[in-house]
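Working notes, beginning with the structure itself.
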Amino acid sequence: MGNGSRHYRAHQRFSVDVEAAVRARGREATSLGRVIDLGVGGAACELDVPLRLGEHVELELTQEPALVIAAEVAWLTWAEGSTVRLGLRFHAEEEDTLLSLLDWLGVSADASE
Numbered sequence: 091m092g093n094g095s096r097h098y099r100a101h102q103r104f105s106v107d108v109e110a111a112v113r114a115r116g117r118e119a120t121s122l123g124r125v126i127d128l129g130v131g132g133a134a135c136e137l138d139v140p141l142r143l144g145e146h147v148e149l150e151l152t153q154e155p156a157l158v159i160a161a162e163v164a165w166l167t168w169a170e171g172s173t174v175r176l177g178l179r180f181h182a183e184e185e186d187t188l189l190s191l192l193d194w195l196g197v198s199a200d201a202s203e
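Everything in the sequence shown is counted per the numbering used here, starting at 91 for the first residue and increasing by one.
Shown next as structure tokens:
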């Protein structure tokens, strides 16, 4: 757990405030909280329970329409109080789901800056 390292992103992120559940795959562990930024490549979450670095998880965005995305834990650190801040990297093979995510965010897949 470190908070002095820098993380470089290949995809644009959008600030959001969305309720979410992150479930570990292969064991009984679920962390609840919210997503604070989100993009095609991954998300940053503030959650109530830490998960394992490198662990394969499913991120469920619980706002309507609900969306579930396969990911892995890329980084984690403690936030204010007992909250855990967690970075997720989405799996590239989830292309259809990621395109749905763009629609969910209201962003066109071919939009450029």
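Every residue, glycine too, gets a C-beta built ideally from N, C-alpha and C.
Keep in mind the model is a prediction, meaning the values are calculated, not measured.
Same chain only: Cβ atoms within 8 Å of residue i, ignoring 5 sequence neighbours per side
i             : result
alanine 169   : Glu136 and Arg175
aspartate 138 : Ser121, Leu122, Gly123, Ser172, Thr173 and Val174
Beta-carbon separation (whole angstroms), residue i vs residue j, contact threshold 8 Å
i              : j             : result
valine 108     : glutamine 153 : 5 Å
isoleucine 159 : leucine 166   : Not really, about 18 Å apart at Cβ, beyond 8 Å.
valine 130     : valine 147    : Actually they do not touch by this definition, with Cβ atoms about 17 Å apart.
arginine 177   : alanine 134   : According to the sequence shown, residue 177 is glycine rather than arginine. Right, the Cβ-Cβ distance comes to about 5 Å (below 8 Å), so this counts as a contact.
As assigned by DSSP and simplified to three states, the class of residue i
i              : result
threonine 187  : helix
tryptophan 194 : helix
alanine 110    : strand
threonine 152  : coil
valine 130     : coil
glycine 171    : coil
Proximity below 8 Å, CB of residue i to CB of residue j
i                 : j           : result
leucine 157       : leucine 191 : yes
alanine 161       : glycine 123 : no
phenylalanine 180 : leucine 188 : yes
Residues of its chain near residue i, where Cβ-Cβ distance is below 7 Å and the 5 sequence neighbours each way are ignored
i            : result
leucine 151  : Val108, Ala110, Val125 and Leu157
arginine 103 : Asp127, Leu128 and Gly129
arginine 115 : His146, Val147 and Glu148
Cβ of residue i within 8 Å of any chain D Cβ
i             : result
glutamate 162 : In summary, chain D is missing from the structure at hand, where a single protein chain is found.
Residue range of the beta strand (DSSP E) that includes residue i
i             : result
histidine 181 : Premise fails: histidine 181 is in no beta strand (DSSP E) and is neither H nor E.
Cutoff 6 Å; reference residue i; Cβ partners in own chain excluding five residues on either side
i          : result
valine 106 : Val125 and Leu128
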